[in-house]
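Counting the sequence shown from 1 gives a position; this note's numbering is that position plus 144.
The beta carbon of each residue, even a glycine, is placed where N, CA and C say it ideally should be.
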Amino acid sequence: MSVKTRIIGVGNPLCGDDGIGVALVERLRAAELPHGVELLDGGLGGLSLIDYFADVEQVILVDAVDFGAAAGEIVHLDFAELSLDDSTSLQQLHAGLAPLMLLACELHPSVRVDLVAVQPAAMQPGTSLSPAVEAGLSRLERVVFTLLT
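As structure tokens, then:
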């Protein structure tokens with residue numbers, strides 16, 4: 145199968161809502177995905193994921209990002225529309241995610257990069273997804289499906 149789109153769930157499932165990206169990937173494993181879509185548990189993210197931006201048309205990253213909204217809120221960022229010169233646009237991203245996305249745009253400019261961010265409620269070690277974030281998993285799945293090119 146030729147991979148056209150790679151969905152990468154980022155986060156630590158042992159730290160509450162930080163595991164939302166990985167939880168979504170696990171949920172999607174049971175779904176019927178379009179041809180050419182690959183799922184990846186990206187773990188804690190970071191630059192080790194850069195090779196997964198090669199040889200695809202689109203990468204959809206899913207992660208918990210604190211953007212000051214109500215827990216469970218979902219925001220979509222098309223990285224092509226984000227100002228890479230504006231550091232405030234990147235300040236809220238997970239520490240390892242901003243450098244990854246910047247490098248991906250530099251090394252793979254033809255790849256469409258989408259970030260689907262979920263506002264976490266709690267990211268303490270030893271906790272599961274908060275009720276607000278867990279309740280939004282179906283909505284998160286729909287958002288990701290609408291982004292598939």
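Asked, Found
"Backbone CA spacing between Leu158 and Gly280 [nearest angstrom]", "19 Å"
"Residue span of the beta strand (DSSP E) that contains Thr149, given as start and end", "149 to 153"
"Cβ pair Val200, Arg150 closer than 7 Å", "yes"
"Closer than 7 Å to chain B by CB, Leu241", "Of the protein chains in this structure there is only one, and it is not chain B."
"Pick from Leu184, Thr271, Gly190, Asp162 that is closest to Leu172, judged by C-alpha positions", "Leu184"
"Beta bridge counterpart(s) of Asp258 as assigned by DSSP", "Ile204, Asp222"
"Terminal residues of the alpha helix (DSSP H) in which Val288 lies", "281 to 291"
"Selected residue, minimal CA-CA separation from Val287, among Asp207, Val260, Glu182, Val277", "Val260"
"Contacting residues, own chain, Cβ-Cβ under 7 Å from Thr232 (five flanking each side not counted)", "Residue placement at Thr232 is poorly supported in this model, since its pLDDT is 43, which falls under 50; the coordinates still yield a value, given next. Result list for Thr232: empty, nothing under 7 Å."
"Outcome for Ala265 when other beta-carbon atoms lying within 10 angstroms are tallied against a minimum of 16", "buried"
"For Pro269 and Gln202, the rounded distance between their alpha carbons", "32 Å"
"Nearest-angstrom Cβ-Cβ length linking Leu177 and Asp207, presumed shorter than 8 Å", "Leu177 to Asp207, Cβ: 20 Å. No contact."
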